[in-house]
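Engineer: Here it is: the structure, laid out below.
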Amino acid sequence: MNNSHLQPANTYKLTPDSCPFPSISDWDQPLTDYELEAIDAIEAAYRLRSTSSTTPSSSDCKRGRVGAVDDTERLKTRRQLPSSVLSLCKPFSLSQCRDNVKMRYPALKFVGRIVYSRTQMEVENTAREILRSFEAREGIVDQVIVGFDIEWKPTFRRGVLPGKVAVIQICADANQCHVLHIIHSGVTESLRFLLEEFMRLKFVGAGIGNDCIKIFKDYNVSVKAVEDLSHLANRKLGGQPKVWGLQSLTERLVCKELLKPNKIRLGNWEVDILSKHQLEYAATDAFASWHLYQVIIIEEHY
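Heads up: the sequence shown is residues 8 to 309, going by our numbering.
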């Protein structure tokens, strides 16, 4: 397999209890493959019980007749935010696209170059490079649109807050995405300037407000120019406003599936070096945010 699209800032060498009910002392440990497969099986069984007798066609999805995925259900198993943040989310009906587990869309994939930065020097140099590339677009575009997402280590222990933001993903086109492993580097001077003060860009993402709240709490960084794809989608689609997640929005707007395997989604983002699969997952999320923004804006003009 050709992995040439993975381009770390430096080259690193990647080094490689099956009980499904860990003891209380093990709750902070990363989930085993066995446990993650068990979670997948539970989720699949739940979706089977929710199967609808009607399956919409792909053309129905493209015409905008299909509802959205209930992202509040995912909150039960995915990374947990404080209750003050979770209260911002409102429930809505399950998407017909997802009711029938036999119906699967082609996966949305990022096939461009992934730049992975891990140390303080690498992250600082990468942030400077990003700033230079954005400045070079001045006069060509009024505003640079940047797909944005974050990852952190989940917690499964009641009353214990999740880990700090471990990874920031930035993607401004279909050719290149940056994955910044800030749990090791911290937020460097140029990265802080990029997030807080560089005015000729706009960060976009689904539920990006929650991401900004977490970054502020964890690193005292206030991301300034943001736009929530969920709000944009509601404006475009009309009808009853819904809280769209990135996965459900991908299905609704482009009839593609944004893969969210639990082994990656619920994995340890604080590891010393991110795996190839983690890098691809992180980059694809940021790319999806950028891509969906383009789809919404282009369709608004027609």
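Glycine included, every Cβ here is placed at the ideal spot set by N, Cα and C.
(1) Just how far apart, CA to CA, sit K209 and C178?
(2) Looking at C-alpha atoms only, which residue of V211, K270 and L253 is the closest neighbour of V230?
(3) For the candidate residues V278, R272 and I152, whose alpha-carbon lies nearest to that of F205?
(4) Sort I271, E129 and W297 by Cα distance to S197 and report the nearest one.
(5) Can the beta-carbon of K171 be found less than 8 Å from the beta-carbon of D225?
(6) Which residue marks the beginning of the alpha helix (DSSP H) containing R125, and which one marks its end?
(7) Taking 8 Å as the threshold, find out whether the stretch 292 to 302 comes into contact with the stretch 177 to 194 through three or more Cβ pairs.
(8) May I have the straight-line CA-CA distance separating S237 from E131, to the nearest angstrom?
(9) Tell me which same chain residues have a C-beta within less than 8 Å of the C-beta of V233, skipping the five on either side of it?
(10) Suppose contacts are defined by Cβ-Cβ distances below 8 Å. Is L239 in contact with I137 by that definition?
(11) Are the Cβ atoms of A114 and K263 separated by less than 8 Å?
(12) Can you tell me whether DSSP reads K69 as helix, strand or coil?
(13) Just list the residues that DSSP pairs C184 with in beta bridges.
(14) Closest by CA to H298, which one among L281, K116, A48 and R272?
(15) From the DSSP secondary-structure annotation, give me the bridge partner or partners of W159.
(16) Taking 8 Å as the threshold (C-beta atoms), are Y112 and E306 in contact?
(17) So L43 and L273 are supposed to be a Cβ contact under 8 Å. How far apart are they, rounded?
(18) Using a 10 Å radius around the Cβ and a threshold of 16 neighbouring Cβ atoms, would you call K249 buried or exposed?
(19) Measuring only the C-alpha atoms, how far is G193 from A289?
(20) Would V148 and E158 qualify as a contact pair, given that the criterion is a beta-carbon distance under 8 Å?
(21) Between which two residues does the beta strand (DSSP E) harbouring E277 extend?
(22) Less than 7 Å between C-beta atoms, sequence neighbours within five positions excluded: which residues of the same chain meet that for L201?
(23) Restricting to Cα atoms, I'd like to know which of D235, Q285, E287 and T195 is closest to N227.
(24) Only counting the same chain, and skipping five residues up and downstream in sequence, which positions put a Cβ closer than 7 Å to that of I4?
(25) Could you pull out every residue in the same chain whose Cβ sits closer than 7 Å to the Cβ of R144, ignoring the five residues on either side in sequence?
Structural biologist: Well, looking at it:
(1) 11 Å
(2) Ranked by how close their Cα comes to the Cα of V230, the residues V211, K270 and L253 have V211 in first place.
(3) I152
(4) Comparing Cα positions, the closest option is E129.
(5) yes
(6) Run containing R125: none; DSSP gives neither H nor E here.
(7) yes
(8) 31 Å
(9) The residues F155, K209, F210, V211, G212, I215, G216 and C219, in chain order, have a CB closer than 8 Å to that of V233 in the same chain once the five nearest residues on each side in sequence are set aside.
(10) no
(11) yes
(12) Since pLDDT at K69 reaches only 46, below the 50 mark, its modelled position is unreliable, and no value is offered.
(13) For C184, which the question treats as bridged, DSSP gives the partners I121 and C178.
(14) The option with the nearest alpha carbon to H298 is K116.
(15) V172
(16) no
(17) For L43 against L273, the beta-carbon gap comes to about 6 Å, under 8 Å, which counts as contact.
(18) buried
(19) 18 Å
(20) no
(21) That residue, E277, is in no beta strand (DSSP E); it is neither H nor E in DSSP.
(22) Hits under 7 Å: A134, I137 and L138.
(23) For the residues D235, Q285, E287 and T195, the minimum Cα distance to N227 belongs to T195.
(24) With the chain represented from 8 up to 309, any question about residue 4 goes unanswered, as that position is not in the structure.
(25) V151
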